[in-house]
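Numbering (the numbering used here), first residue to last: 163 to 300.
A virtual CB, placed ideally from N, CA and C, is assigned to each residue, including glycine.
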Amino acid sequence: MATVRRSVATLRISGETLQPQKITAALGCEPTSAQTKGETLVGAKTGIARIAKFGMWRLEATEREPADLDSQVSDILSKLSPDLNTWKEITSAYDADLFCGFFMDQPNEGLEISPASLAALGNRGLILSLDIYSEETP
Numbered sequence: 163m164a165t166v167r168r169s170v171a172t173l174r175i176s177g178e179t180l181q182p183q184k185i186t187a188a189l190g191c192e193p194t195s196a197q198t199k200g201e202t203l204v205g206a207k208t209g210i211a212r213i214a215k216f217g218m219w220r221l222e223a224t225e226r227e228p229a230d231l232d233s234q235v236s237d238i239l240s241k242l243s244p245d246l247n248t249w250k251e252i253t254s255a256y257d258a259d260l261f262c263g264f265f266m267d268q269p270n271e272g273l274e275i276s277p278a279s280l281a282a283l284g285n286r287g288l289i290l291s292l293d294i295y296s297e298e299t300p
């Protein structure tokens with residue numbers, strides 16, 4: 163089995179009443195991007211404006227090629243508060259996940275996630291969300 167070619171990972175915290183500056187203060191790190199409900203957002207590619215329906219705070223890890231989710235988990239969590247009570251407050255008030263995209267060159271590629279990474283996410287109440295993209299040709 164070949165290793166997954168590329169991975170991306172983003173911590174996402176969202177909710178209708180989420181105020182990004184409060185998440186920044188609680189976690190001790192500026193987000194990669196953020197939005198507040200009611201804010202006007204303009205698509206970078208389309209230029210089309212829309213109104214944010216909820217607040218969101220995002221922190222992206224550096225893209226890895228080949229895929230290396232363990233280093234991306236470490237990259238993100240090392241920048242943030244380790245206080246599990248803070249995380250409990252955040253994850254009980256808002257939706258929170260680590261969104262991961264895996265990009266494959268072949269139909270059968272794989273990767274492993276260490277127990278330490280899984281425990282770090284679980285201890286913080288974070289859902290692991292996976293999107294897997296295949297470059298399979300007919």
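Distance CB(residue i)-CB(residue j) smaller than 8 Å
{"i": "R167", "j": "P228", "result": "yes"}
{"i": "T224", "j": "D237", "result": "yes"}
Spatially closest choice to residue i from the options, by CA coordinates
{"i": "E222", "options": "P193, E201, N247", "result": "P193"}
{"i": "S301", "options": "G209, F264, C262, N285", "result": "Here the chain comprises residues numbered 163 to 300, so residue 301 is not present and cannot be evaluated."}
{"i": "Y295", "options": "A164, D230, Q268", "result": "Q268"}
{"i": "N247", "options": "L189, Q181, P182, A171", "result": "L189"}
{"i": "M218", "options": "E297, D259, V235", "result": "D259"}
{"i": "S240", "options": "L290, L292, C191", "result": "C191"}
{"i": "A164", "options": "I210, Y256, F265", "result": "F265"}
Local Cβ density within 10 Å of residue i, reported as buried at 16 or more and exposed below that
{"i": "S279", "result": "buried"}
{"i": "D230", "result": "buried"}
{"i": "E271", "result": "buried"}
Enclosing beta strand (DSSP E) for residue i [first to last residue]
{"i": "V170", "result": "168-177"}
{"i": "N260", "result": "This sequence places Leu at residue 260; Asn is not what is there. Its beta strand (DSSP E) spans residues 257-266."}
Residue span of the alpha helix (DSSP H) that contains residue i, given as start and end
{"i": "L280", "result": "277-285"}
{"i": "S236", "result": "231-239"}
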